[in-house]
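Residues in the sequence shown are numbered from 814 upward in steps of one, following the numbering used here.
All C-beta atoms, glycine included, are put in the ideal place defined by N, C-alpha and C.
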Amino acid sequence: MRTVLIIGMGGVGSVVAHKCHQVPDVFTKIVLASRRLESCKHVKAQVGNPEIDIAQVDADNTHEVVALIRKYQPQLVVNTALPYQDLSIMEACLETGVDYLDTANYEPPNEAKFEYKWQWDYHDRFKEKGIMALLGCGFDPGVTNIFAAYAKKHHFDELHYIDIMDANGGDHGQPFATNFNPEINIREITQRGKYYEAGEWKTTDPLSVHKPFDFPGVGEREMYLMYHEEMESLVQNFPEIKRIRFWMTFSEQYLTHLRVLQNVGMTSIEPVEYEGHSIVPLKFLKAVLPEPSSLGSKTKGKTCIGDMIEGTKGGQPRKYYIYNICDHEACYEEVGSQAISYTTGVPAMIGSKMLLEGLWRGQGVFNVEEFDPDPFMEDLKRYGLPWEEQFL
Ligand SMILES: NC(=O)c1ccc[n+]([C@@H]2O[C@H](COP(=O)([O-])OP(=O)(O)OC[C@H]3O[C@@H](n4cnc5c(N)ncnc54)[C@H](OP(=O)(O)O)[C@@H]3O)[C@@H](O)[C@H]2O)c1
814 MRTVLIIGMG GVGSVVAHKC HQVPDVFTKI VLASRRLESC KHVKAQVGNP EIDIAQVDAD
874 NTHEVVALIR KYQPQLVVNT ALPYQDLSIM EACLETGVDY LDTANYEPPN EAKFEYKWQW
934 DYHDRFKEKG IMALLGCGFD PGVTNIFAAY AKKHHFDELH YIDIMDANGG DHGQPFATNF
994 NPEINIREIT QRGKYYEAGE WKTTDPLSVH KPFDFPGVGE REMYLMYHEE MESLVQNFPE
1054 IKRIRFWMTF SEQYLTHLRV LQNVGMTSIE PVEYEGHSIV PLKFLKAVLP EPSSLGSKTK
1114 GKTCIGDMIE GTKGGQPRKY YIYNICDHEA CYEEVGSQAI SYTTGVPAMI GSKMLLEGLW
1174 RGQGVFNVEE FDPDPFMEDL KRYGLPWEEQ FL
């Protein structure tokens, strides 16, 4: 019997639960845990599998996660809670000797900064324990890293220039809402931009560098240069990369709202005193914005996320574009979620499947591009995220 414990029953966790349920020969037992039992009950009812077990857990507390793992004896813990919980869940996996997978790298709550260092530092301890952690197995990070590994394996001798481009052409009809956790999303977007070129990291003012791109399935959109974590591991794992950048599209309406919220201080993570209470403005903003999981039924349109790669093959220059187009309404019909949760949850399920089937194995802490991309790429087509490629 193979048991998977999924912690964090928000937008992404719900999709992982649905998709694991669709592959019962691999995930013979599913346990859902979250800060609120209500969230688990909701997802269990949506999935419609009475065999699923549910539990309440505060994943900030390693002891609680250890107790949960000891109770259910999973082979794998999938972390779909927030980046703040990564280290406490990894500690619990170490203590109990269980494999770990997540979709976003650790971020300290009181500092809007994300980098792999905190989690890479666990490598030796995971190795000694003989267990494995697979980091960043969503779409970006995740599939975008695997696209690069696939390009390297099949079409290039060297990858020189990579532009990861993420377009969300979806419309949810709300004046302002984020497609995944608003707090994490706004922390990410309001940071300074950063990209890698000629051996060094260069920074830009937030969202100051932008250009249009005609995305397949979505159309022309303005995309903005941002920092994103997959660049850090790709540069490490493909040292021949000369430049790598990450771009994401935003509508003018979204940016106008964000600018106003920033200007009045609502995106700050510095606590303020309010009527005798200490409040973090961004956390309060999250509380009044729509839950990403509530946007599914309202969102229409498509996403297109992919890698534009230039490099060489047999001494000749080559340019190649690989991407996935995902339809918000089709995702909602299948699993009751919009495409952002879907494009993150499906790869997390496939990564879990790779681990449990023994196709991706190692001892220590790994990023997804370190493994053979082929079985993962086949499963993307099989489980709802078909990809396309163009030689330009
Ligand atoms: N790689 C990618 O492509 C990608 C894309 C999008 C998102 N992500 C990542 O995916 C993760 C989930 O995003 P989301 O949009 O699903 O967010 P979400 O809807 O806010 O869900 C997060 C869930 O985590 C649970 N949670 C929070 N703190 C917890 C704690 N201390 N203990 C236990 N559970 C806790 C919450 O539980 P309750 O509901 O029980 O309160 C909530 O349901 C985030 O880390 C995000 O950065 C990755």
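Per-residue DSSP class, three states only, for residue i
i, result
"His968", "coil"
"Met1167", "helix"
"Tyr1155", "helix"
"Phe1204", "strand"
"Ile999", "helix"
"Arg1131", "strand"
"Lys1015", "strand"
"Gln1066", "helix"
"Met1162", "helix"
"Arg944", "Sequence check: residue 944 is Ile here, not Arg. In the structure shown, Ile944 sits in coil (DSSP, three-state: anything other than H, G, I, E or B)."
"Phe952", "coil"
"Ser847", "strand"
"Gly824", "helix"
"Asn1180", "strand"
"Ile783", "In the structure displayed, the chain extends from 814 to 1205; residue 783 sits before or after that span and is not available."
"Glu1245", "Residue 1245 lies beyond the residue range present for the chain, which begins at 814 and ends at 1205; the question has no answer from this structure."
"Phe939", "helix"
"Trp931", "helix"
"Asn992", "coil"
"Gln1004", "coil"
"Pro1025", "strand"
"Met1039", "strand"
"Val839", "coil"
"His985", "coil"
"Asp1185", "coil"
"Lys1047", "Sequence check: residue 1047 is Leu here, not Lys. Helix."
"Met814", "coil"
Contacts around residue i, its chain only, beta-carbon distance under 7 Å, and the 5 residues preceding and following it disregarded
i, result
"Gln1151", "Gly983, Asn992, Leu1108, Gly1109, Thr1112, His1141, Cys1144, Tyr1145"
"Val1181", "Leu947, Gly949, Cys950, Gly955, Asn958, Ile959, Gly1164"
"Pro896", "Ala917, Asn918, Tyr919, Glu920, Phe927, Ile997"
"Ala925", "Arg1000, Gln1004, Ile1082"
"His831", "Val860, Val1148"
"Lys857", "Leu845, Ile865, Ile867"
"Ile1092", "Pro1084, Val1085"
Cβ separation of residue i and residue j, assumed to be a contact under 8 Å, to the nearest whole Å
i, j, result
"Leu818", "Val890", "5 Å"
"Asn994", "Gly1164", "No, Asn994 and Gly1164 are not in contact; Cβ-Cβ is about 20 Å, not under 8 Å."
"Gly1119", "Met945", "About 28 Å; that fails the 8 Å criterion."
"Leu1168", "Leu914", "7 Å"
"Ser1154", "Val825", "5 Å"
"Asp976", "Trp1060", "6 Å"
"Tyr1196", "Val1159", "6 Å"
"Pro1103", "Ala990", "4 Å"
"Tyr974", "Glu1123", "4 Å"
"Asp912", "Gln888", "7 Å"
"Leu1098", "Leu1074", "7 Å"
"Leu972", "Phe1051", "5 Å"
"Cys833", "Met1162", "5 Å"
"Tyr1037", "His1023", "5 Å"
"Asp805", "Glu1043", "Since the first and last residues shown for the chain are 814 and 1205, residue 805 lies out of range."
"Gly1177", "Lys940", "4 Å"
"Ile1138", "Lys1115", "5 Å"
"Val828", "Lys1166", "About 14 Å separates the two Cβ atoms, so there is no contact after all."
"Cys1117", "Phe1028", "4 Å"
"Ile820", "Thr893", "7 Å"
"Lys854", "Thr816", "Not quite, the Cβ-Cβ distance comes to about 19 Å (not below 8 Å), so this is no contact."
"Arg1131", "His968", "7 Å"
Cβ neighbours of residue i in the same chain (closer than 8 Å, five flanking residues each side left out)
i, result
"Gly1127", "Asp970"
"Asp873", "Tyr897, Gln898, Ser901"
"Tyr1067", "Phe989"
Beta-carbon contacts of residue i that lie in its chain and below 6 Å, excluding the five residues immediately before and after
i, result
"Leu1172", "Pro1188"
"Pro1105", "Gly824, Asn992, Phe993"
"Met1039", "Gly1006, Phe1059, Met1061"
"Gly1089", "none"
"Thr1157", "Val825, Thr916, Gly951, Phe952"
"Pro922", "Tyr897"
For the stretch 871-919, list the beta strand (DSSP E) runs that are entirely contained and at least 3 residues long, ordered along the chain. 889-892, 912-915
Alpha helix (DSSP H) runs contained entirely in the stretch 1065-1125, provided each spans 4 or more residues: 1065-1076, 1094-1101
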